[in-house]
Ligand SMILES: Nc1ncnc2c1ncn2[C@@H]1O[C@H](COP(=O)(O)OP(=O)(O)OP(=O)(O)O)[C@@H](O)[C@H]1O
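In the working numbering, the protein residues as written are 20 to 579.
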């Protein structure tokens, strides 16, 4: 029998949570087993009544709860009603070390009176109170600014049925669908039919119908969605649509990064999927850095993960044929490419981030003392908005592979002139740190002396794949491009050691003289080698000169 429900007492309201609840309910299978159940703003405590001495109560943190649902009895003979709370607390893995989220449900029978409707109302009251309290108890990290997803969150879930080992749809139905139902997240499943299907769809979609766009695939599908959103006339608003990631690919770099940011023990495969599903149900949203990438044909792309050239890009593309083996495809690709190790010739320059170390053994910092470049070291949003008619858009491409990286003091500065101009209807995002691709880089940039590389990798999330912790200090919105390059001369064993160390994020501490790591805000790469592969977020793009700049916090990501 319920003893003290205080939902009407406003003095007990805090942060939207309405008072504590206490009740006594029976077991769903055995009426003789009774439980006392109490709900506070942070926990649900359950104790068996007349428990034997030594039997302790069970406490569930509401930060682990995704939802609670009420229902009436299965048939008219049962006057009782039921409510079930769904938790995903950390538990020790079966047969292996470490902790992982595991599903636990707690179901109670409410039979206060003989009137089934009254019992149902009581069950619903409990379910609502548990849901409301749980929504306020999402696991948050200190120092991260979150907003909360709209509730109920109308979610479009895009699934690429061919991603990874071709099991994304089965993984969704097996591991995520039930969780979303438990969390009362209404969703519409869209199964992509071809490449660029998702891109075209989000480009034309009525986004007022959706509170979140979630991708159940590898990183390639999210890349499509982000670029589709940025191609819209209303891109400024569109790119604010919260994005979510559920790992269904073979790399799953963003999913691994998001899991890592939430400071949880490492997780792979289905455990990683469960973790990302849990974050989706909890519905916290933070900002996500994007990187604006300019190709030689003037095409502009938006990237959330990486820009790669050389070894990493080759392995990514060449290992596509091993995708049926899952994440291990990268190791197989690495071994194959190591056997045929290549040197890639090109020029590299970058704009160091303000707090980057001043000295870099492998780089030449060009004197910039007499040029007013402060504007280039923006610590906040380094973009501006100009009408679509901007001359930048209409300029003809005169660039080629023979372009030479040199420094110039006036290029980016002249770009800054356009800052502040805007047109409410069609605005274009301007990359104020970047000169035109056919112009020299500004003087504040560092031009790398070496021209023989094994790899150049710009990454803006912590992970490049589930087991490749490429940029250990990277955060979802740190406003930084983490530039890693390896110069020619590295031995095969040393390169293999680097990749093996990357599994634990230890490659930067290997003391490898060929590896350089820099935090930057913009970069330019000009391949000299006639043939090669450049990838953006794991997708092949046009080969040739390319430059990029960070656009801090341009998008929004469901995170934890
Ligand atoms: N139905 C589809 N048929 C064929 N290609 C698709 C389809 N849906 C999406 N694609 C494309 O497939 C490519 C790979 O998708 P995605 O990166 O999401 O999966 P993946 O390559 O298996 O994952 P990962 O990048 O983690 O290895 C992307 O270029 C995407 O645009």
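All residues carry an ideal CB built from backbone N, CA and C; glycine is no exception.
Beta-carbon contacts of residue i that lie in its chain and below 7 Å, excluding the five residues immediately before and after
i, result
"residue 364", "470, 471, 547, 548"
"residue 402", "Interpretation of residue 402 is limited by its pLDDT of 37, a score under 50 that renders its predicted location unreliable; the figure taken from the coordinates is listed afterwards. Cβ neighbours of residue 402 beyond the five flanking positions: 448, 449, 450, 451, 570."
"residue 286", "119, 278, 294"
"residue 138", "98, 99, 100, 129, 130, 131, 132"
"residue 149", "58, 63, 84, 87, 104"
"residue 159", "165, 303"
"residue 496", "305, 306, 307, 308, 571, 572"
Residues near residue i in its chain [Cβ-Cβ closer than 8 Å; skip 5 each side]
i, result
"residue 421", "At residue 421 the pLDDT is 37, less than 50, meaning the model places this residue with poor confidence and gives no usable figure here."
"residue 383", "Residue placement at residue 383 is poorly supported in this model, since its pLDDT is 33, which falls under 50; the coordinates are not used for a value here."
Residue environment, residue i, which counts as buried when at least 16 other CB atoms sit within 10 Å
i, result
"residue 492", "exposed"
"residue 327", "buried"
"residue 291", "buried"
"residue 56", "buried"
"residue 142", "buried"
"residue 556", "buried"
"residue 264", "buried"
"residue 48", "exposed"
"residue 372", "buried"
"residue 179", "buried"
"residue 136", "exposed"
"residue 229", "buried"
"residue 540", "buried"
"residue 161", "exposed"
"residue 360", "exposed"
"residue 313", "buried"
"residue 234", "buried"
"residue 554", "buried"
"residue 117", "exposed"
"residue 397", "With a pLDDT of only 28 at residue 397, under the threshold of 50, the placement of this residue in the model should not be trusted; the figure read from the coordinates follows. Counting Cβ neighbours within 10 Å, residue 397 comes out buried, since at least 16 surround it."
"residue 115", "exposed"
"residue 408", "Because residue 408 sits at a pLDDT of 34, beneath the cut-off of 50, its placement in the model cannot be relied upon, and the following sentence gives the value as read from the coordinates. Exposed is the call here."
Beta-carbon separation (whole angstroms), residue i vs residue j, contact threshold 8 Å
i, j, result
"residue 247", "residue 222", "4 Å"
"residue 42", "residue 145", "7 Å"
"residue 357", "residue 514", "6 Å"
"residue 241", "residue 273", "6 Å"
"residue 262", "residue 575", "7 Å"
"residue 125", "residue 65", "6 Å"
"residue 474", "residue 566", "No, residue 474 and residue 566 are not in contact; Cβ-Cβ is about 18 Å, not under 8 Å."
"residue 237", "residue 193", "Contact doesn't hold; Cβ gap of about 18 Å is too wide."
"residue 206", "residue 176", "5 Å"
"residue 542", "residue 502", "6 Å"
Contact test: residue i Cβ vs ligand 1 heavy atom, cutoff 6 Å
i, result
"residue 243", "yes"
"residue 313", "no"
"residue 533", "no"
"residue 456", "no"
"residue 238", "yes"
"residue 45", "no"
"residue 446", "no"
"residue 279", "no"
"residue 213", "yes"
"residue 181", "yes"
"residue 325", "no"
"residue 99", "no"
"residue 269", "yes"
"residue 12", "There is simply no residue 12 to check, as the chain begins at 20 and stops at 579 in what is shown."
Own chain, CB closer than 6 Å to residue i, minus 5 neighbours either side, in chain order
i, result
"residue 518", "353"
"residue 275", "482, 485"
"residue 487", "521"
"residue 301", "157"
"residue 527", "536"
"residue 182", "236, 237, 267, 268"
"residue 345", "184, 269"
"residue 411", "Unreliable positioning characterises residue 411 in this predicted model, as indicated by a pLDDT of 35, which lies under 50. The coordinate reading is nonetheless provided below. Cβ neighbours of residue 411 beyond the five flanking positions: none."
Residue i Cβ short of 6 Å to ligand 3 heavy atom set
i, result
"residue 61", "This structure lacks ligand 3; its bound ligands are ligand 1."
| message | Just to confirm the assignment: which complete beta strand (DSSP E) runs, minimum length 3, are found wholly within the stretch 287 to 327? | response | 303 to 314, 319 to 322
| query | Considering only residues of the stretch 533 to 567, which uninterrupted alpha helix (DSSP H) runs meet the minimum length of 4 residues and lie entirely inside it, listed in chain order? | reply | Runs of the alpha helix (DSSP H) lying entirely within the stretch 533 to 567, each at least 4 residues long, are absent.
| Which runs of the alpha helix (DSSP H) fall wholly inside the stretch 101 to 155 and span at least 4 residues, in chain order? | Within the stretch 101 to 155, the complete alpha helix (DSSP H) runs of at least 4 residues are 135 to 154.
| request: Could I get the ranges of all uninterrupted alpha helix (DSSP H) runs contained in the stretch 209 to 252, with 4 residues as the minimum, in chain order? | output: 216 to 223, 238 to 249
| said: Ignoring anything shorter than 4 residues, give me the alpha helix (DSSP H) runs that lie fully in the stretch 452 to 534, in order along the chain. | reply: 511 to 521
| request: Let me know the beta strand (DSSP E) ranges lying completely inside the stretch 157 to 199, each 3 residues or longer, listed in chain order. | output: 174 to 178
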